[in-house]
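Single-structure report; data block below.
Protein chains in written order, with my numbering: chain A, 7 to 418; chain B, 16 to 385.
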């Protein structure tokens with residue numbers, strides 16, 4: 007062969023240097039590489055809890071960390087999804103209480119993060135969600151009832167990940183970040199401009215796969231946006247017990263990537279920060295880490311009792327920072343949201359809720375033979391044997407049930 | 016699908032893609048020399064190179080697999096031939112390697128990844144058990160993970176701690192993983208090609224003490240066999256092999272224990288006992304048919320494996336055989352396995368490993384006097 011090892015390695019290093027947006031920022035803004043990679047001194051917040059737009063100087067931006075306000079159309083589309091998302095969360099929780107769904111980890115209070123994560127991506131991009139990110143999955147276009155199959159309990163997943171480019175809703179914490187890294191790597195090797203947004207929570211940042219995923223993405227210079235929803239609790243354990251880093255976004259610099267903090271209940275800031283991160287990643291900046299400060303307003307799941315580990319007063323503080331009400335105020339004040347539009351949006355949300363109620367109330371017969379059908383592309387001889395055994399067992403059950411009912415009939 | 020991948024050679028303006036491909040082809044041509052004596056390592060290396068030539072979506076990565084060619088040199092020359100985009104080193108993190116491979120397989124690639132040593136694969140256990148094994152089932156077949164996880168395993172090389180584990184039972188116990196283990200040079204080529212062709216994930220367990228074992232094979236004939244199998248949709252996948260025919264008792268072995276079983280059979284022959292040796296080849300799927308046909312014929316069996324015997328693949332084989340062949344058995348089936356102790360230090364490993372004498376003792380115990 008004619009290509010020497012040294013040559014390839016040098017070329018790789020040169021390429022990486024050329025594509026380094028940190029050095030661009032350093033020359034453009036006169037800041038240090040560390041200033042570029044470290045998150046801005048304050049979280050990015052555009053619209054405050056009372057629904058008013060912060061003055062530009064008070065949005066938390068600084069050189070190398072500049073953000074522009076999203077367009078009206080983007081804001082309206084996001085608001086609609088926020089309303090739908092809240093309705094989905096509350097409807098699903100109700101379905102669990104009624105026993106029509108096994109479990110639902112609600113993202114009530116985190117809807118702004120959910121919606122922004124889905125809306126910042128282009129059609130060919132990929133989203134890698136966790137079990138709490140059902141609203142993001144639906145906002146990305148996956149059928150609501152298919153999304154909820156996992157929690158209804160008739161199969162471990164209900165949608166084809168390739169169709170909407172949404173990974174499975176991952177339960178083993180943080181493992182999905184690496185799948186996102188692999189999807190981005192494959193796309194990069196083929197020269198595609200796919201961006202991956204991979205989600206996890208604050209507790210998940212303690213897992214080893216968090217470290218491995220960020221490091222792999224950085225070393226291979228991959229277009230991945232890591233999006234941490236810091237909702238303050240990993241089930242019952244508060245953030246202080248997970249990390250004593252200045253912030254989770256500060257972890258970025260350790261991997262040689264840029265990090266940013268954003269108000270996770272301000273969808274305007276989320277769209278701006280995630281939008282810029284996706285754009286930079288697509289342009290070849292390599293990976294980025296965004297930490298959103300938000301709050302899980304309800305318990306971990308219906309099986310959890312949040313009163314055992316947190317005060318009502320703390321919840322009340324966060325209710326005052328609700329992502330929906332602040333956006334409603336902001337859009338109404340800007341004259342973008344009137345009663346007509348609000349009613350149309352509410353109608354759409356209700357339609358999704360109806361779809362969920364009807365879809366999840368339907369008794370879907372489970373097929374016992376499905377147990378064996380999908381373990382491998384072609385079942386092994388052992389699985390064929392076991393499948394025949396179960397079929398035989400069921401046939402005998404059916405025969406004895408039929409015989410018993412015939413006997414009952416005859417006895418009458 | 017046929018993704019177009021820019022190799023580092025093609026990206027480098029000094030060398031045209033055509034030149035690179037011609038050189039790679041010439042390298043393959045140079046090897047066409049009919050029957051030749053090669054090592055298992057070379058057979059595995061050739062299988063990967065051929066698969067990479069045949070399909071641009073086949074990628075090789077892991078720790079030290081690039082310029083070094085792997086600590087066992089199994090990936091030797093692949094980076095040079097195919098560029099750093101197709102065969103590359105990763106950061107030192109096994110979960111990362113497997114997790115990234117899952118994503119790549121989800122997105123059109125066929126990753127062939129190396130775990131440097133058996134015990135070093137344990138950090139990847141969660142990815143393997145929770146995702147590699149389950150993705151196809153969880154998505155009702157919508158997502159296939161055509162990936163191969165190569166694991167140099169088992170002992171006999173005087174390795175220090177954590178370098179000699181027989182970890183096959185962990186994977187065999189996990190539903191959704193195929194588990195292959197070659198014992199011959201020809202099977203090294205044949206089975207690795209089949210593993211790479213598989214649309215399901217394969218744990219490819221390579222007996223590291225056999226890496227430098229040699230045999231005369233005709234790589235051209237193996238390539239032709241692979242091509243013919245591909246065309247017909249057939250393969251040797253999931254089939255055990257009769258490594259040595261015999262009539263008095265059956266030795267059932269796999270991977271590193273196959274040569275030991277063959278040596279025991281040769282020694283027994285001198286004493287007038289004809290032992291049949293079955294090479295299991297594929298632990299999952301398991302070839303009940305071939306194994307049981309042999310035991311029904313001989314009426315006696317010894318299962319040999321390096322791994323600890325308790326709750327092991329050897330135990331599973333004994334259970335399966337006695338369930339299916341009970342009335343053909345003249346004696347209880349015996350196991351000759353490693354002891355239920357952590358893999359020993361180099362100076363003690365010969366006490367631990369199933370050897371010819373221990374196998375022959377077990378054969379002697381098969382109630383011949385009845």
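We put the CB at the ideal spot given by N, CA and C, even for glycine. Remember, predicted model here, so these are calculated numbers, not experimental data.
Item	Value
Cutoff 7 Å; reference residue 366 of chain A; Cβ partners in own chain excluding five residues on either side	101, 106, 107, 151, 154 and 158
Residues from the segment 153 to 180 of chain B in contact with chain A, defined by Cβ distance under 7 Å	153, 154, 155, 156, 157, 158 and 159
Per-residue burial, residue 241 of chain A [other beta carbons within 10 Å of its own, 16 or more giving buried]	exposed
For residue 336 of chain B, the nearest candidate out of B:305, B:366 and B:87 (CA to CA)	B:305
Whether residue 203 of chain A touches residue 231 of chain A by CB criterion (7 Å)	yes
Spatial distance of residue 302 of chain A from residue 184 of chain B (CA atoms)	41 Å
Residue 44 of chain A to residue 190 of chain A span [Cα, whole Å]	24 Å
The segment 168 to 188 of chain B / the segment 351 to 366 of chain B touching (three or more Cβ pairs under 8 Å)	yes
Endpoints, alpha helix (DSSP H) assigned at residue 218 of chain A	214 to 225
Chain-order list of residues whose beta-carbon lies under 7 Å from that of residue 144 of chain A (same chain, five-residue window excluded)	94, 150 and 153
Minimum C-alpha distance to residue 202 of chain B - residue among B:370, B:59, B:368 and B:347	B:59
Classification of residue 87 of chain B by the beta-carbon crowding that lies within 10 angstroms, buried from 16 upward	buried
CB contact below 7 Å: residue 60 of chain A versus chain E	Considering every chain present, this structure includes no chain E. Its protein chains are A and B.
Classification of residue 250 of chain A by the beta-carbon crowding that lies within 10 angstroms, buried from 16 upward	exposed
Cβ shell of residue 129 of chain A (< 7 Å), same chain only, five flanking positions each side left out	none
Reduced DSSP category for residue 348 of chain B - H, G, I as helix; E, B as strand; rest coil	coil
Terminal residues of the alpha helix (DSSP H) in which residue 182 of chain A lies	181 to 195
CB contact check: residue 444 of chain A to chain B, cutoff 7 Å	Outside the displayed range of chain A (7 to 418) lies residue 444 of chain A, so it cannot be described from this structure.
For residue 204 of chain A, the first and last residue of its enclosing beta strand (DSSP E)	202 to 207
Distance CB(residue 115 of chain B)-CB(residue 187 of chain A) smaller than 7 Å	yes
is_contact[residue 309 of chain B, chain A] using C-beta, thresh 7 Å	no
Sheet register partners of residue 229 of chain B (DSSP bridge)	B:54
From A:338, A:220 and A:268, residue whose alpha carbon lies closest to that of residue 82 of chain A	A:338
Residues that residue 117 of chain B contacts on chain A, provided the C-beta gap is smaller than 8 Å	184, 185 and 188
Residues sharing a beta bridge with residue 292 of chain B, DSSP	B:259 and B:266
For residue 204 of chain B, the first and last residue of its enclosing alpha helix (DSSP H)	200 to 212
Cα-Cα separation, residue 342 of chain B to residue 312 of chain B	12 Å
Contacts around residue 336 of chain A, its chain only, beta-carbon distance under 6 Å, and the 5 residues preceding and following it disregarded	53 and 57
Closest Cα partner of residue 140 of chain B within the set A:68, A:98 and A:181	A:181
Below-7 Å beta-carbon distance, residue 69 of chain B vs any chain A residue	no
Interface positions of the segment 380 to 405 of chain A facing chain B (Cβ-Cβ less than 7 Å), listed along the chain	380, 381, 382, 383, 386, 387 and 388
DSSP state of residue 252 of chain A mapped onto helix, strand, coil	coil
Cβ-Cβ distance between residue 400 of chain A and residue 88 of chain A below 7 Å	no
Distance CB(residue 357 of chain A)-CB(residue 295 of chain A) smaller than 7 Å	no
Test: residue 124 of chain B CB closer than 7 Å to a CB of chain A	yes
Buried or exposed by the 16-neighbour rule on C-beta atoms within 10 Å, applied to residue 154 of chain B	buried
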